[in-house]
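Here is the structure we will look at.
Structure representation (structure tokens):
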């Protein structure tokens, strides 16, 4: 690209990073890439997990670990050679001149230390300022990243802060010693759309103030807001590099197109659903009432007509929890809705809106304080667990993090065989044929049969979780943030799978997500939740095109601005065809 | 009503206190039942034991009346509990002195021994774990040594220590209660198995914490590995140590008996051994109840410490 200014801050030429596995195999994570980043510039590295982007970031910090070998023709930061730097000299750079922001600040901040101490650590380590200066600096840093009540927050622990505040605190810590380069590795992946936007704005302000930013993400829509240049990485190589306009509107490489195609959007109604099954457009257009007349139509049980009787019904359900300070917090407040057999209903809201509690109550994992849940017209929340046991198979859960929902010692075969009612190793062998059939159904081969949860990729894990959930032939699948931990391209495939299963099995989906784009891919109707209540409901099209509640507006706004390229470039009259209708079919 | 007016902390303390009382009561009851189940006539024991056999029926009758041994068991149990509540542990059969006084006179030296050993064991464990976690070579050596120590009876360790340092090298006195020098070998003997076990769980805790993303964050701030280990990870490794504290306490109490015997030190352990061999049940009962109280108190302290070490636990009131 055009580097006509002063010498770049960070230069890498033919950078390679390879790891030696415990079995002495050498795996190349980065296979010869060139990077140049100037002061006040933002370069984004985009790619899926395993593409080598995080290894690149760690190579610049000398934090690749003892099993890694880093090599390059040139790797310099502010004129200083980084290759073969002694640990002492690395420490001089880290924190002071290069700041590092990891994703998921809950685990990236020391959970046992106060936020203020964490933010101050670079100052302590590099002996900047006196103790009192540092305290003042921490407060102003927290203020600078937009944390309200910085004095209170500095004395709190990371778990007492929301995800957005935590991420900001982590950024405050990375910039505490005013580094000239900040590396941000998936800084917004775990955040809600509105919070994501605020964090990106913060990074954008930093860049405008002259800090160079190396932004790493799997999500092109995140990067588009911030980056001056985007480098797309795949399998350890940079396959394409250019301005956001080049990459987003004129992607040259097929992999870039695939990445773009995978971004969930709401410009193309029912894209995936149609791709999976060319049926059922009527319910999408006919406004469905919130609680439909129950069991009015017994002739259509699921399979023949996708939408039928009300299978799951929540009636004025409320739930409150006690906070640490002894006060009560109303998590769910008078929520009423019905889910029809074979229907896909979305619940959208930010974290803390009560949507996950609603899911737990629907699953009868939590008892509501008030109100009732009915399954297929019969009592559900009111039953005793012993009575419920025999009915549990009818409603199954898919969670955000399937890894922690698997017994780590179980192989995939055992996990699924157990759900088929054949526990133990022997059961697994007897159920082999059924297990294989289920795996095929969710798009997995036999070679995963004997692997354990840890040995699977994120997408594979979620597929196994889905296979396990559909094993007992449920009528309802409750999916709580089923794709938010996944790369965008994998997200699209998992959502397509859910839509396809719904069509093939006639199973009703209750899909919970903070992402309207995700809901839109799969659902017919959507409920918008805020502070424990449903503030808006309607068909997905209605809610997206004509939102009534101001909260829905703000949700839509935050997504809309994230999901479009920089305003200067947008051919506004065309409404970004490249974003919504990617060139050709993607799978 | 209480649910609303009391803070969660207050409710937690009250619940723990009540639970502790139940545990001590249970220990007292089991001790009382044990005393009833033991063979032999108590009056004879009190009079000087069957071996002497000198007591006349009149003397025995007098003793029976004085100690209330002729009253129904339930009344004796009631008396026993009532006296316990007032801190009266009864009178020693053998020495005729109040049990509480006997225990009190021996408590000091045992507390010094046990506390010193606990501190030494903990410090040794911290040093071993922090310096060898995630360092393959050091880890291999120390964890082998730890396993050997864990599987060696402490009596044997004590005898070895005596042989080497007292009889051969003559650095420390072999027996007795005088001064620090006489405490060194007992301390070490008592501390080694505890240090070995704690070091193992601490190292595990450290290595688990080391794998978490925040360890990378700390290094990315320019911190040294030493700072990472001591300022961040060490605290994480305290959580499994607290979990093992109940075990450590049992190890200490059991160890005290052995070490005091091997090194011929006066203390609760010796008192207990003498009482058991001479069937001085009130003294045995007194020591058992004292141990129960110590267990309860230490466990409450440990539970409170969990919340100090890990702020995340302060949220969830058990």
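Chains as they are written, first to last, in our numbering: chain A, 105 to 691; chain B, 28 to 345. Backbone N, C-alpha and C fix where the C-beta goes; we use that ideal spot for every residue, glycine too. Note that this is a predicted model, so its numbers are computed, not measured.
Are residue 569 of chain A and residue 502 of chain A close, meaning C-beta to C-beta below 8 Å?
Yes, the pair counts as a contact, with Cβ atoms nearer than the cut-off.
For residue 305 of chain B, which residues in the same chain have their Cβ closer than 6 Å to its Cβ, ignoring the five residues on either side in sequence?
121
Taking residue 152 of chain B as the reference, give the member of B:220, B:186 and B:226 with the closest Cα.
Measuring from the Cα of residue 152 of chain B, the nearest candidate turns out to be B:226.
Tell me which residue opens and which closes the beta strand (DSSP E) that residue 637 of chain A is part of.
637-643
Min CB distance residue 311 of chain A to chain B below 8 Å:
no
Boundaries (first-last residue) of the beta strand (DSSP E) holding residue 447 of chain A:
Careful: residue 447 of chain A lies outside any beta strand (DSSP E) and carries neither H nor E.
When Cβ atoms are compared, which residues of the segment 238-269 of chain B fall closer than 8 Å to chain A?
239, 240, 241, 243, 244, 245, 246, 247, 248, 249, 250, 251, 254, 259, 262 and 263
Can you tell me whether residue 121 of chain A is buried or exposed, with buried defined as 16 or more other CB within 10 angstroms of its CB?
Residue environment: residue 121 of chain A is assigned as buried (16 or more neighbouring CB atoms within 10 Å of its CB, all protein chains considered).
To be precise: take each residue of the segment 266-299 of chain A, compare its Cβ to all Cβ atoms of chain B, and keep it if any distance is under 9 Å. Which residues remain?
274, 277, 278, 280, 281 and 287
With a 10 Å radius around its C-beta and 16 neighbouring C-beta atoms as the bar for buried, classify residue 275 of chain B as buried or exposed.
Classification of residue 275 of chain B: buried, given that the 10 Å Cβ count is 16 or more.
Can you give the beta carbon distance from residue 245 of chain A to residue 276 of chain A, rounded, assuming they're within the 8 Å contact cut?
4 Å
Exposure of residue 63 of chain B, with buried meaning 16 or more beta-carbon neighbours within 10 Å:
exposed
Where does residue 682 of chain A sit, in a helix, a strand or coil, going by DSSP?
Because the pLDDT at residue 682 of chain A is just 36, under 50, the model does not fix this residue reliably, and the value given afterwards should be weighed accordingly. Helix, per DSSP.
Spatial distance of residue 693 of chain A from residue 144 of chain B (CA atoms):
With chain A covering only 105 through 691, there is no way to say anything about residue 693 of chain A.
State buried or exposed for residue 170 of chain A, treating a residue as buried only when at least 16 other CB atoms are found within 10 Å of its CB.
exposed
Which first and last residues belong to the alpha helix (DSSP H) in which residue 607 of chain A is found?
First-last of the alpha helix (DSSP H) with residue 607 of chain A: 592-609.
Beta-carbon contacts of residue 526 of chain A that lie in its chain and below 7 Å, excluding the five residues immediately before and after
532, 534 and 535
Assuming residue 213 of chain B contacts residue 286 of chain B under a Cβ cut-off of 8 Å, what Cβ separation, rounded to an integer in Å, is found between them?
About 5 Å separates the beta carbons of residue 213 of chain B and residue 286 of chain B, which is inside the 8 Å limit, making them a contact pair.
According to a CB-to-CB cut-off of less than 7 Å, which residues of the segment 218-230 of chain A neighbour chain B?
225, 226, 229 and 230
Using the C-alpha atoms, what's the distance from residue 48 of chain B back to residue 318 of chain B?
Within the model, the alpha-carbon separation for residue 318 of chain B versus residue 48 of chain B is close to 13 Å.
Inspect the beta-carbon positions of residue 451 of chain A and residue 462 of chain A and report whether they are closer than 8 Å.
yes
How far does the beta strand (DSSP E) with residue 114 of chain A in it extend, from its first residue to its last?
It spans 114-124 - the beta strand (DSSP E) in which residue 114 of chain A sits, taken as one unbroken run.
Under the DSSP definition of a beta bridge, which residues are partnered with residue 99 of chain B?
DSSP lists no partner for residue 99 of chain B.
Please confirm if residue 28 of chain B has its CB atom under 8 Å from at least one CB of chain A.
Below a pLDDT of 50, predicted positions are generally treated as unreliable, and residue 28 of chain B, at 44, falls in that range; the measurement from the model is reported next regardless. Closer than 8 Å: no.
Report all residues from its chain with a CB closer than 8 Å to the CB of residue 657 of chain A; omit the five preceding and five following residues, and keep chain order.
651
In chain B, what lies closer than 7 Å to residue 200 of chain A by C-beta?
249
Run the CB neighbour count on residue 689 of chain A, radius 10 Å, all protein chains shown included, and call it buried at 16 or more, exposed below.
Because residue 689 of chain A carries a pLDDT of 37, less than 50, the predicted location of this residue cannot be relied on, and the following value inherits that uncertainty. Residue 689 of chain A should be labelled exposed.
Indicate the three-state DSSP secondary structure (helix, strand or coil) for residue 199 of chain B in the structure shown.
coil
The segment 498-515 of chain A contacting the segment 578-593 of chain A, beta-carbon criterion three pairs below 8 Å
Counting Cβ pairs under 8 Å, three or more are found: they touch.
What separation, rounded to the nearest whole angstrom, lies between the Cα atoms of residue 381 of chain A and residue 236 of chain B?
Here residue 381 of chain A scores only 34 on pLDDT, less than 50, and its place in the model is too uncertain to base an answer on.
Simplified DSSP assignment, three categories, for residue 311 of chain B
helix
Can you pull the DSSP bridge partners for residue 303 of chain A?
In the DSSP output, where bridge partners are listed per residue, residue 303 of chain A has none listed.
To the nearest angstrom, how far is the alpha carbon of residue 270 of chain B from that of residue 326 of chain B?
10 Å
When you compare only the Cα positions, how much space is there between residue 231 of chain A and residue 545 of chain A?
59 Å
Whose Cβ in chain A lies nearer than 9 Å to the Cβ of residue 337 of chain B?
215 and 216
For residue 165 of chain B, which residues in the same chain have their Cβ closer than 7 Å to its Cβ, ignoring the five residues on either side in sequence?
Cβ neighbours of residue 165 of chain B within its own chain (closer than 7 Å, five residues either side excluded): 158 and 159.
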